[in-house]
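A.B. asks: Listed in order, the protein sequences are those of chains A and B.
Position in the first sequence (from 1) plus 26 gives the number in this note's numbering.
Position in the second sequence (from 1) plus 839 gives the number in this note's numbering.
By construction, the Cβ of each residue, glycine as well, lies at the ideal position given by its N, Cα and C atoms.
Because the structure is a prediction, the values reported are computed rather than measured.
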Amino acid sequence: MSDELREVAGEALEAARVDVVRRLGRHGLPTSVDDQRLLVVDNDDLTGWRSEWEAVRRSSLTVPAVLTAVPATGRSSFARSAFASSWSPSPGP
Amino acid sequence: MALNYLLSLDDVAEDDDLVLDRLLDELAVLVERGVLWQRGQLALDGIRLASALDAHRGVTLRELTPAERGHWVQARSPLEAMSTLSDFAVPRRWEHFTPRVVVDWLEETEFGVEDAVEVRQHVDPCVLALAGAVRAGSSSLPKRSVSSSSPSSVTESSKVWR
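1) With B:G879 as the anchor, note down where its alpha helix (DSSP H) starts and where it stops.
2) Taking the alpha helix (DSSP H) that B:S847 falls in, what are its first and last residues?
3) Assuming B:D850 and A:R83 are in contact, meaning their beta carbons sit under 8 Å apart, how far apart are those beta carbons, in whole angstroms?
4) Is A:A81 helix, strand or coil when you go by DSSP?
5) Scan the region 895–919 of chain B for residues whose Cβ lies nearer than 8 Å to a Cβ of chain A and list them as they occur along the chain.
6) What does B:L888 reach in chain A if we use C-beta pairs closer than 9 Å?
7) Looking only at DSSP bridge pairs, what is A:W75 linked to?
8) Please classify B:A882: is it buried, with 16 or more other beta-carbons within 10 angstroms of its beta-carbon, or exposed?
9) Would you tell me roughly how many angstroms separate the C-alpha atoms of B:D855 and B:P905, rounded to the nearest one?
10) At the 8 Å Cβ level, is B:T948 part of the contact set with chain A, yes or no?
11) How big is the Cα-Cα spacing for B:R908 and B:R939?
12) Tell me which residues share the same chain as A:W79 and place their Cβ nearer than 8 Å to its Cβ, disregarding the 5 neighbours each side in the sequence.
13) Expressed to the nearest angstrom, what Euclidean distance is found between the alpha-carbon atoms of B:L980 and A:S58?
14) At the level of alpha carbons, what is the spacing between B:A889 and B:L945?
15) Residues of chain A with CB under 8 Å from B:A852, in chain order?
16) CB-CB under 8 Å to B:N843, same chain, minus the five flanking residues each way: which ones, in chain order?
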């Protein structure tokens, strides 16, 4: 892939991000949410491991309610097209 | 791809060059015509590394991070997606295996010359030889900061792009 194409692709992804941030802000929705992830850490004597939870921030779009709540307008409806591509109904009988 | 980018961010309000570069690298692989790429990852337990091993014939070996090991546990937990809505009981497996290291390689071959199965037949002996060399502390490896006990289990995953 040429450097030009790579730059264009990167700009397109950033444009999508900026557009989503604008839409989230317009509707008072958060851009990130609290979450927890599991860590597996070796015991000090290396006889086993323990697990612990770590607080992290995640994109608010990981919450389906936020993803679907971002309104879609016109052909550039990012959220609607993204949701449609990631979800399909079960096949009928 | 845009959704993948936005879901991977810690905060949509802030960009992340590392995530962006990874996605663009994957895109570059996808748009490469006439070439088949296969990335393989082999997760192993029973091996301890003081530091990651440099690439050896295109194969790397590194410690999994605590978060990656936690992701493994969560993704394979029998409590995940447990459902009582059906009378059909889906078989589940409980295991104590939690991989400690991952062998990682990317194989390129001209599309149409060999199919994915043939590529795997070429790659797997190399990877398994590396794993065996790590256990034996072979001097042919770039670094030798390795200690090992008997590997208790092995798992493997792979992706194929065309």
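C.D. replies: This is what the structure holds:
1) Here residue 879 of chain B is taken as the residue at index 40 of the second sequence, counted from 1. Taken as a continuous stretch (DSSP letters only), B:G879 belongs to no alpha helix (DSSP H), being part of the beta strand (DSSP E) at V874 to L883.
2) By 1-based counting over the second sequence, the position of residue 847 of chain B is 8. That run of the alpha helix (DSSP H) goes A841 to S847.
3) Here residue 850 of chain B refers to the residue found at position 11 of the second sequence. Here residue 83 of chain A refers to the residue found at position 57 of the first sequence. Contact holds; Cβ gap of about 6 Å.
4) Within the first sequence, residue 81 of chain A is the residue found at index 55, counting from 1. It is a strand residue.
5) P905, A906, R908, G909, H910, W911, V912 and Q913
6) What you label residue 888 of chain B is simply residue 49 of the second sequence in a count that begins at 1. Here the premise fails: no neighbours, minimum Cβ distance about 12 Å.
7) Residue 75 of chain A sits at position 49 when you count from the first residue of the first sequence. According to DSSP, which records beta bridges pairwise, A:W75 is partnered with A:D68.
8) To locate residue 882 of chain B, count along the second sequence from 1; it is residue 43. So B:A882 ends up on the buried side.
9) The residue labelled residue 855 of chain B in the question sits at position 16 within the second sequence. The residue labelled residue 905 of chain B in the question sits at position 66 within the second sequence. About 21 Å.
10) Locating residue 948 of chain B in the second sequence gives position 109, counting from the first residue. No - not a single Cβ of chain A is within 8 Å of the one on B:T948.
11) Here the question's residue 908 of chain B lines up with position 69 in the second sequence. Here the question's residue 939 of chain B lines up with position 100 in the second sequence. Cα-Cα distance, rounded: 7 Å.
12) Within the first sequence, the letter at position 53 stands for residue 79 of chain A. Here the set comprises Q62, R63, L64 and L65.
13) As a first step, residue 980 of chain B must be located in the second sequence, where it is residue number 141. As a first step, residue 58 of chain A must be located in the first sequence, where it is residue number 32. With a pLDDT of 42 at B:L980, under the threshold of 50, the modelled position of that residue is not reliable, and no figure is offered here.
14) Residue mapping note: residue 889 of chain B aligns to position 50 of the second sequence, counting from 1. Residue mapping note: residue 945 of chain B aligns to position 106 of the second sequence, counting from 1. Those two C-alpha atoms are separated by around 24 Å.
15) Sequence index remark: in the second sequence, residue 852 of chain B carries index 13 (1-based). Chain A residues near B:A852: V47, T57 and S58.
16) Within the second sequence, residue 843 of chain B is the residue found at index 4, counting from 1. L862, listed in sequence order.
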